[in-house]
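Asks: Numbering (this note's numbering), first residue to last: 14 to 398. Here a beta-carbon is modelled for each residue, glycine too, at the ideal position from N, C-alpha and C. Since the model is a prediction, treat every value here as computed from it, not as a measurement. My structure is below; once you've seen it, I'll send some questions.
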Amino acid sequence: MSERPPLPGTPPQRLYHGRPIEPYRLGVIVDLPEHPGLSDAFPDMAQFALDEAHARGIVERPVELVVREVYGQPWTNSHALRRVYRELAEQDVLGVIGPFTTDNSLSVLDLTEELRLPTISICGTLHWRGPFAFAVANGGLADEPYVMAPWLAQHGHRRVAVLRERTQIGEEYAEHFRRAIAQYGIAVVAEPPVYPSIHVEELATVLEECRAADPDALVYLGLGGVNQTVRPALEKIGWDPPRIQTTAYVSAGYSEERARRIEGWVGVDQYSEDNTVYAAVLDRFEARYGYRPANSGGTCGYDIGHCFAVGLGRMRTASPWGLRDGLETIRRLPACTGGPGTSITFGPEDHRGLKGPDFLILRRSVDGRSVLEGTAPVSGWDQPS
Numbered sequence: 014m015s016e017r018p019p020l021p022g023t024p025p026q027r028l029y030h031g032r033p034i035e036p037y038r039l040g041v042i043v044d045l046p047e048h049p050g051l052s053d054a055f056p057d058m059a060q061f062a063l064d065e066a067h068a069r070g071i072v073e074r075p076v077e078l079v080v081r082e083v084y085g086q087p088w089t090n091s092h093a094l095r096r097v098y099r100e101l102a103e104q105d106v107l108g109v110i111g112p113f114t115t116d117n118s119l120s121v122l123d124l125t126e127e128l129r130l131p132t133i134s135i136c137g138t139l140h141w142r143g144p145f146a147f148a149v150a151n152g153g154l155a156d157e158p159y160v161m162a163p164w165l166a167q168h169g170h171r172r173v174a175v176l177r178e179r180t181q182i183g184e185e186y187a188e189h190f191r192r193a194i195a196q197y198g199i200a201v202v203a204e205p206p207v208y209p210s211i212h213v214e215e216l217a218t219v220l221e222e223c224r225a226a227d228p229d230a231l232v233y234l235g236l237g238g239v240n241q242t243v244r245p246a247l248e249k250i251g252w253d254p255p256r257i258q259t260t261a262y263v264s265a266g267y268s269e270e271r272a273r274r275i276e277g278w279v280g281v282d283q284y285s286e287d288n289t290v291y292a293a294v295l296d297r298f299e300a301r302y303g304y305r306p307a308n309s310g311g312t313c314g315y316d317i318g319h320c321f322a323v324g325l326g327r328m329r330t331a332s333p334w335g336l337r338d339g340l341e342t343i344r345r346l347p348a349c350t351g352g353p354g355t356s357i358t359f360g361p362e363d364h365r366g367l368k369g370p371d372f373l374i375l376r377r378s379v380d381g382r383s384v385l386e387g388t389a390p391v392s393g394w395d396q397p398s
């Protein structure tokens, strides 16, 4: 992030008894390094939100981000990630943004409480919880199946084959997917577990197994590793089924190349052109940064930066626990993430921020573009007359 001139309205340097007041500092852990949409747009959007909040008077001083990129799971184990988290705490940050993924976030969950650092992750697991663990989730392992199941039922798909990753993410998705499809009479006819780093030939064999079960549709439950090889594997066996996946899909909004990887897939996402809050943010961001991240990496980055700005402005003492208390005062903060009307609310023992029926939406990859597919409306059950 290069230096930019202050935004209009930014107050001059504040002094107290002639001494400059220092900026607040927040740490950022990028556990998907060199990943378009997350290693670039996400921290840029977070900084932009903090700068705008300072210019608007929400937080009385500038906020600096201390960004650290680290390879965690699935490349290696948790040790490097834990070291980086501790190093950020030693650099006097008041809070931490990240990690991104469920596996890596759970690896530092105990440290959030040990070091008393309020940490906002985009991870989707329900196990990310604690007095200092907050979520503005880029998806939701328990929630997404309840968006996918209505789509399957609406399109008449009652027999599905499931590609399930052999990870915490895949297992947690599968647990909730089974519950979600039960109310629609949908059956799983094949469920081969796969590793995220699977080769094309291996995946083609697994997909043949799925096709042999004669499903109406293919479902992918995982973080996104399979998306690197799924198109050539499907083409190798000549199979083009209706197909839907989790927020592994969001990478389709990062670039044309990534959208083409999952051509024809419907997936859960959180960027909506109909969200006027983010549309306005995008215009201002593009004017300042020179690019336009129309994806959920950008929406979540701004929302988390905005949340921390509000929390910093409301804390009674400039300390991590003071910031935690400030975050817990946030109510109905308009969100960039999700469909129109999505908001963010935190409170004591309520640290999952996104609220509203359409904080998850559906998009489809078509000709290298991600287009809006629709929503999964919350409708009443069949009630007796």
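#1: Would you mind reading off the limits of the alpha helix (DSSP H) that contains ALA187?
#2: Using three-state DSSP, classify PRO112 as helix, strand or coil.
#3: Please say whether VAL213 and PRO245 have beta carbons closer to each other than 8 Å?
#4: Does chain C have any CB closer than 8 Å to the CB of VAL290?
#5: Under DSSP, the alpha helix (DSSP H) around ILE317 begins and ends at which residues?
#6: Cβ atoms of ASP371 and GLY399: under 8 Å apart, would you say?
#7: CA-CA distance, GLY50 and SER398?
#8: Just the C-alpha distance for LEU94 and GLN104, rounded to the nearest angstrom, thanks.
#9: Rounding to the nearest angstrom, what Cα-Cα distance links PRO187 and ARG179 in this structure?
#10: Are there 16 or more other CB atoms within 10 angstroms of the CB of VAL43, so buried, or fewer, so exposed?
#11: Please report the residue range of the alpha helix (DSSP H) in which GLN258 lies.
#12: Which class does TYR37 belong to by DSSP, given the choice of helix, strand or coil?
#13: Does the Cβ of VAL149 have 16 or more other Cβ atoms within 10 Å, making it buried, or fewer, making it exposed?
#14: Quick check on DSSP: helix, strand or coil for GLU214?
#15: Do you know how far the Cα of LEU122 is from the Cα of MET14?
#16: So, does the stretch 361 to 380 touch the stretch 73 to 91, judging by three or more C-beta pairs under 8 Å?
#17: When the distance is taken between beta carbons, is TYR315 closer than 8 Å to MET58?
#18: Taking 8 Å as the cut-off, decide whether the C-beta atoms of ALA307 and TRP164 are in contact.
#19: Excluding the 5 residues flanking LEU154 on each side, which residues of the same chain have their C-beta closer than 6 Å to its C-beta?
#20: Any idea what DSSP makes of SER378, helix, strand or coil?
#21: Does LEU231 come out as helix, strand or coil in the three-state DSSP assignment?
#22: Quick one: Cα of ARG38 to Cα of SER309, how far?
#23: Can you tell which of GLY70, GLU47, PRO46 has the C-alpha that lies nearest to the C-alpha of ARG27?
#24: Curious, which full-length alpha helix (DSSP H) runs of at least 4 residues does the stretch 258 to 300 contain?
#25: Please name the residue in MET161, GLU100, THR115, HIS140 whose C-alpha comes closest to that of ARG391.
#26: I'd like the list of long-range same chain contacts for GLY360, defined as Cβ closer than 6 Å, with 5 residues on each side in sequence excluded.
#27: With DSSP as the reference, label PHE61 as helix, strand or coil.
#28: What separation, rounded to the nearest whole angstrom, lies between the Cα atoms of ASP229 and THR242?
#29: When DSSP labels each residue in this structure, what does ALA102 get in the three-state scheme?
#30: Does DSSP put THR132 in a helix, a strand or coil?
#31: Once you ignore the five residues that flank GLU276 on each side, which residues in its own chain have a CB closer than 7 Å to its CB?
#32: Along the chain, where does the beta strand (DSSP E) containing ARG172 start, and where does it finish?
#33: Rounded to whole angstroms, what is the Cα-Cα separation between CYS223 and LEU247?
#34: Would a C-beta distance cut-off of 8 Å place VAL263 and ASP287 closer than the cut-off?
#35: Is it buried or exposed, PRO18, if we count other Cβ atoms within 10 angstroms and call 16 or more buried?
Replies: So, from the listed chains and residues:
#1: 181 to 195
#2: coil
#3: yes
#4: Looking at the structure shown, chain C is missing, and only one protein chain is on hand.
#5: 309 to 327
#6: Within the shown structure, residues of the chain are numbered from 14 to 398, placing residue 399 beyond reach of any answer.
#7: Rounded to the nearest whole angstrom, the CA to CA distance from GLY50 to SER398 is 50 Å.
#8: Their Cα atoms are separated by approximately 16 Å.
#9: A small fix is needed here, since residue 187 is Ala in this sequence, not Pro. Going from the Cα of ALA187 to the Cα of ARG179 covers about 10 Å.
#10: buried
#11: From DSSP, GLN258 is part of no alpha helix (DSSP H) but of the beta strand (DSSP E) over 256 to 258.
#12: Of the three classes helix, strand and coil, the one that applies to TYR37 here is strand, per DSSP.
#13: buried
#14: DSSP places GLU214 in helix when its eight states are reduced to three.
#15: Here MET14 scores only 48 on pLDDT, less than 50, and its place in the model is too uncertain to base an answer on.
#16: no
#17: yes
#18: no
#19: Once the five neighbours on either side are set aside, the close Cβ partners of LEU154 are GLY137, THR138, GLU185, TYR186.
#20: strand
#21: strand
#22: Near 24 Å, if we compare the C-alpha coordinates of SER309 and ARG38.
#23: GLY70
#24: 269 to 274
#25: The sequence given here has Val at residue 391, not Arg. Measuring from the Cα of VAL391, the nearest candidate turns out to be MET161.
#26: GLU341
#27: helix
#28: 22 Å
#29: Three-state DSSP puts ALA102 in a helix.
#30: strand
#31: Once the five neighbours on either side are set aside, the close Cβ partners of GLU276 are ARG244, SER378.
#32: 172 to 178
#33: 11 Å
#34: no
#35: exposed
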